[in-house]
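Down below is the structure, laid out as structure tokens.
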Amino acid sequence: MEKKVQLSQKDINAVAWRHQFLQGSWNYERMQNGGWAYSMIPAIKKLYPDKDQQIAALKRHLEFYNTHPYVSAPVVGVTLALEEERANGVPVDDATIQGVKVGMMGPLAGVGDPVFWFTVRPILGALGASLAASGSIVGPLLFFILWNVIRIAFIFYTTTMGYKLGTSITKNLSGGLLGKITTGASVLGMFIIGALVERWVSIGFSPVVSKIQQQDGAFIDWSKITGDAEGIKSALEQYSSLGATGLNQTKVTTLQANLDQLIPGLAAVLLTLLCCKLLKKHVSPIVIIIGLFAFGIFARWIGLM
Amino acid sequence: MSAISIILVILVAFLAGMEGILDEFQFHQPLVACTLVGIVCGHPTEGIILGGTLQLMALGWANIGAAVAPDAALASVASAIIVMKGIGGATSSSDVINAAISTAVPLSVAGLFLTMICRTIAIPMVHAMDAEAEKGNIRGVEAWQIAAICLQGIRIAIPAGMLCAIPAESVKKILESMPSVVAGGMAVGGGMVAAVGYAMVLNMMATKEVWPFFILGFCLAALGQLTLISLGLIGLAMALIYLGLKEAGSKGGNSGSGDPLGDILNDYE
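Those protein sequences? They're chains P and F, same order as listed. So the first sequence is numbered by the working numbering: it starts at 817 and just counts up by one. So the second sequence is numbered by the working numbering: it starts at 63 and just counts up by one.
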């Protein structure tokens, strides 16, 4: 029997390491194809000693490819398993390899974008940013270290996992498992995005709706407060029972305060839904972004926001 | 700025530019990039504070599919350089940081155009890779990949170098002369821009099935006591519960009631 070529863990790790540069030559024609071929090179060298075979392998891995750069790791693993079989004489044709890549990249991107870009990174980023607000180096360090530990562990683990599962992963994925992961990730993603829209899309309307002269007893009568410790204590006691509106005789209500009583963040969610609509109508995101800034300057100029 | 600082800033800019496309180590995220610029210029605290503030703005910026998000790399590196130059003038350091934040947003849009140019230049580069592959020249394929990555690094390194070359005095003057309506309006716009990123993901994920979870997240987020981590855990718990119920529903759903919860309740009777 013919001697079998097998990829060692070292080869797989070499591919996984190079795979971090997947997006380097991202282009509008075939997107991540260059980076994909670049990652595959250590395996191609090992599996195909013959130059013609190497050329064929490089060419088939320069085909169109695009997905989330981290969840692409299991696709790499599966492809390695397929290439290994092919090198050992199993009839795996180009169409099968490309089919597996394309078949996996779409649904996996649907998992990777919400999980990494819109759950893990915002959470770690917000955590780091809140520590950084006081100028503490712990903030950036925490963000950078935690993120990279999670990322590197994920990439190396899933590449090896993909390789071990080999072709069976595609059956798994096309069956129940990937469907479940996608649904679960969408549930989590939708929930988090709902939360982020409320917290981080900040819109504040500044116009004053009403100014009411409050009755005696609804505000702190500063003329009766003495300047000593007793007076401060009395003012603080009144403040804690009256709340922020007790500081002045006139109660100022802004448009924003009224909107917040209705639903906090209502304007933010309406803006987000408007953006969804515009994007569906193929308005470029750049146009929307520039439009929002222009609107922001205009709104500040007329005193709306 | 000293010569060593300038060289190190350009190096940081190069790393940030590379990461702007690779999106792996996150050197392009404001929290990391601004801190690094701060450290090499000897004002780490201001760099960290700027990074933290910009990070909150950039949380929703992500490259999805073929769409390009506002560029965090140029925004963080350039605004950090502006802060480093502005420190020590008539303006207080917190005002300098605020002014730099308002410049960050137009910078991120400028960076976005630059990355689109790079992604177009990459087309002939992958054609060169095709040609090298045809010849069986593995080294050549690798070299073009590395060249493409460097191109993205240079995309940020050149503007950073140019900013360093501008004398600090004129940066200070520009900062002082910026009309407050423009700065304030940019801040207002910056608060809204995150909506575009969220909208992109919503369009990608949203189905009738999962919209209710968006509403839940939106309403629960108004409770200030819930931190993002606890919101994340609630979301995770809901995803698991939902999958469990869905599975239970499809198993016991022979009656075809289409109501998983009802089916479970019926099973108890």
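The C-beta atom is built at its ideal place from N, Cα and C for all residues, glycine as well. In this text, all values refer to a predicted model and were calculated from it rather than measured experimentally.
Exposure label - residue i; buried when at least 16 CB within 10 Å
{"i": "S319 (chain F)", "result": "Because the pLDDT of S319 (chain F) is 49, which lies under 50, any placement of that residue in the model is unreliable, and the question is left without a value."}
{"i": "P938 (chain P)", "result": "buried"}
{"i": "L1108 (chain P)", "result": "buried"}
{"i": "I997 (chain P)", "result": "buried"}
{"i": "T1088 (chain P)", "result": "buried"}
{"i": "G336 (chain F)", "result": "Residue 336 (chain F) is absent from the model: chain F starts at 63 and stops at 331."}
{"i": "I1008 (chain P)", "result": "buried"}
{"i": "E194 (chain F)", "result": "buried"}
{"i": "E331 (chain F)", "result": "With a pLDDT of 48 at E331 (chain F), under the threshold of 50, the predicted position of this residue should be treated as unreliable, though the coordinate-derived value follows. Per the 10 Å Cβ criterion, exposed."}
{"i": "S317 (chain F)", "result": "Note that S317 (chain F) has pLDDT 47, beneath the 50 cutoff, so the model's placement of it is unreliable and the number below is only indicative. Its Cβ having fewer than 16 others within 10 Å, S317 (chain F) is exposed."}
{"i": "T1042 (chain P)", "result": "exposed"}
{"i": "M817 (chain P)", "result": "In this prediction, M817 (chain P) scores a pLDDT of 44, lower than 50, which makes its location untrustworthy; no coordinate-derived value is stated."}
{"i": "P221 (chain F)", "result": "buried"}
{"i": "S950 (chain P)", "result": "exposed"}
{"i": "E231 (chain F)", "result": "exposed"}
{"i": "N1074 (chain P)", "result": "exposed"}
{"i": "A925 (chain P)", "result": "buried"}
CB contact below 8 Å: residue i versus chain F
{"i": "M817 (chain P)", "result": "For M817 (chain P), the predicted structure reports a pLDDT of 44, less than 50, and the residue's modelled location is therefore unreliable. A value from the coordinates is still provided. No, M817 (chain P) does not count as interfacial toward chain F."}
{"i": "G1033 (chain P)", "result": "no"}
{"i": "R967 (chain P)", "result": "yes"}
{"i": "K1096 (chain P)", "result": "yes"}
{"i": "N1074 (chain P)", "result": "no"}
{"i": "S888 (chain P)", "result": "no"}
{"i": "M1121 (chain P)", "result": "yes"}
{"i": "L949 (chain P)", "result": "Note on identity: in this sequence residue 949 (chain P) is Ala, with Leu being the wrong assignment. Cβ-Cβ to chain F under 8 Å: yes for A949 (chain P)."}
{"i": "D929 (chain P)", "result": "yes"}
{"i": "F972 (chain P)", "result": "no"}
{"i": "I1085 (chain P)", "result": "With the sequence shown as reference, residue 1085 (chain P) is identified as Val, and Ile is not the correct amino acid for it. It does; some Cβ of chain F falls within 8 Å."}
{"i": "A945 (chain P)", "result": "yes"}
{"i": "L874 (chain P)", "result": "yes"}
{"i": "G982 (chain P)", "result": "no"}
Contact set between residue i and chain F, taken where Cβ atoms lie within less than 8 Å
{"i": "Q870 (chain P)", "result": "G198, I200"}
{"i": "K917 (chain P)", "result": "Here the premise fails: no neighbours, minimum Cβ distance about 16 Å."}
{"i": "S952 (chain P)", "result": "I110"}
{"i": "T1088 (chain P)", "result": "A257, Y260, A261, L264"}
Residue i at chain P interface by Cβ criterion, 8 Å
{"i": "G253 (chain F)", "result": "yes"}
{"i": "M262 (chain F)", "result": "yes"}
{"i": "N265 (chain F)", "result": "yes"}
{"i": "T165 (chain F)", "result": "no"}
{"i": "M63 (chain F)", "result": "no"}
{"i": "L70 (chain F)", "result": "no"}
{"i": "D85 (chain F)", "result": "yes"}
{"i": "L305 (chain F)", "result": "yes"}
{"i": "G311 (chain F)", "result": "no"}
{"i": "L118 (chain F)", "result": "yes"}
{"i": "A284 (chain F)", "result": "yes"}
Chain F residues whose Cβ lies nearer than 9 Å to that of residue i
{"i": "T895 (chain P)", "result": "Those within 9 Å of T895 (chain P) in chain F number zero; the least Cβ separation is about 17 Å."}
{"i": "K867 (chain P)", "result": "G198"}
{"i": "L878 (chain P)", "result": "V188, M191, D192, A195, V203"}
{"i": "I1113 (chain P)", "result": "V243, V244, G246, G247, M248, V250, G251"}
{"i": "G850 (chain P)", "result": "A184, M187, V188, M191, V203, W206, Q207, A210"}
Under 7 Å by beta carbon: chain F residues contacting residue i
{"i": "N956 (chain P)", "result": "Reading off the sequence, residue 956 (chain P) comes out as Pro, not Asn. Here the neighbours are L93, V94, T97, I110, G113."}
{"i": "N964 (chain P)", "result": "F87"}
{"i": "I961 (chain P)", "result": "Near I961 (chain P) there are no residues of chain F at all, since even the closest Cβ is about 11 Å away, more than 7 Å."}
{"i": "R1116 (chain P)", "result": "V243, G246, G247, V250"}
{"i": "S1108 (chain P)", "result": "It is Leu, not Ser, that sits at residue 1108 (chain P) in the sequence shown. By Cβ distance, chain F contributes G251, M254, V255."}
Any non-hydrogen atom of the ligand GTP closer than 7 Å to residue i Cβ
{"i": "I208 (chain F)", "result": "What this structure holds is no ligand at all, so the ligand GTP is not there to describe."}
7 Å Cβ cut-off: residues of chain P touching residue i
{"i": "A256 (chain F)", "result": "W1016, V1017"}
{"i": "I277 (chain F)", "result": "G1010"}
{"i": "P221 (chain F)", "result": "Under the 7 Å cutoff, chain P gives no residues; its nearest Cβ is about 18 Å from P221 (chain F)."}
{"i": "V272 (chain F)", "result": "S1002, V1003, M1006"}
Within chain P, partners of residue i - CB distance below 8 Å
{"i": "K291 (chain F)", "result": "In the sequence as displayed, the identity of residue 291 (chain F) is Ile instead of Lys. What I291 (chain F) touches in chain P: I939, L943."}
- request: Using a Cβ-Cβ cut-off of less than 8 Å, list which residues of the stretch 990-1017 of chain P approach chain F; keep chain order.
  value: K996, T999, G1000, A1001, S1002, V1003, L1004, G1005, M1006, F1007, I1008, I1009, G1010, A1011, L1012, V1013, E1014, R1015, W1016, V1017
- request: Please name the residues in the stretch 831-848 of chain P whose beta-carbon is closer than 8 Å to at least one beta-carbon of chain F, in chain order.
  value: Q836, F837, L838, Q839, G840, S841, W842, N843, Y844, E845, R846, M847
field: Interface positions of the stretch 167-198 of chain F facing chain P (Cβ-Cβ less than 7 Å), listed along the chain
entry: V167, V171, L174, R181, T182, A184, I185, M187, V188, M191, D192, A195, E196, G198
message: Which runs of the beta strand (DSSP E) at least 3 residues long sit entirely within the stretch 1025-1093 of chain P? Give them in chain order.
response: 1066-1070
message: Runs of 4 residues minimum, wholly inside the stretch 868-922 of chain P: which ones carry the alpha helix (DSSP H) assignment?
response: 888-903
In chain order, each beta strand (DSSP E) run of at least 3 residues that lies wholly inside the stretch 177-206 of chain F: Entirely contained in the stretch 177-206 of chain F, not one beta strand (DSSP E) run reaches 3 residues.
- prompt: When you check each C-beta in the stretch 90-104 of chain F against every C-beta of chain P, which residues fall closer than 9 Å?
  reply: Q91, P92, L93, V94, C96, T97, L98, I101
query: Of the residues that make up the stretch 225-245 of chain F, which ones have a beta carbon closer than 7 Å to any beta carbon in chain P?
result: For the stretch 225-245 of chain F, which is checked against every Cβ of chain P, the residues closer than 7 Å are V243, V244.
field: Interface positions of the stretch 852-864 of chain P facing chain F (Cβ-Cβ less than 8 Å), listed along the chain
entry: A853, Y854, I857, I860, K861
- request: Within the stretch 204-270 of chain F, note down every full beta strand (DSSP E) run reaching 3 residues or more, in order along the chain.
  value: Taking only runs of at least 3 residues, no beta strand (DSSP E) segment lies wholly in the stretch 204-270 of chain F.
Length-filtered (3 minimum) beta strand (DSSP E) runs lying within the stretch 92-136 of chain F: Here no run is fully enclosed.
task: With 8 Å as the C-beta to C-beta threshold (strictly closer), list the residues of the stretch 73-84 of chain F near chain P in chain order.
output: M80, I83, L84
- request: Identify each residue in the stretch 1054-1074 of chain P for which the Cβ-Cβ distance to at least one residue of chain F is less than 7 Å, and report them in chain order.
  value: none
field: 4 or more residues per run - each alpha helix (DSSP H) lying fully within the stretch 923-968 of chain P
entry: 937-948
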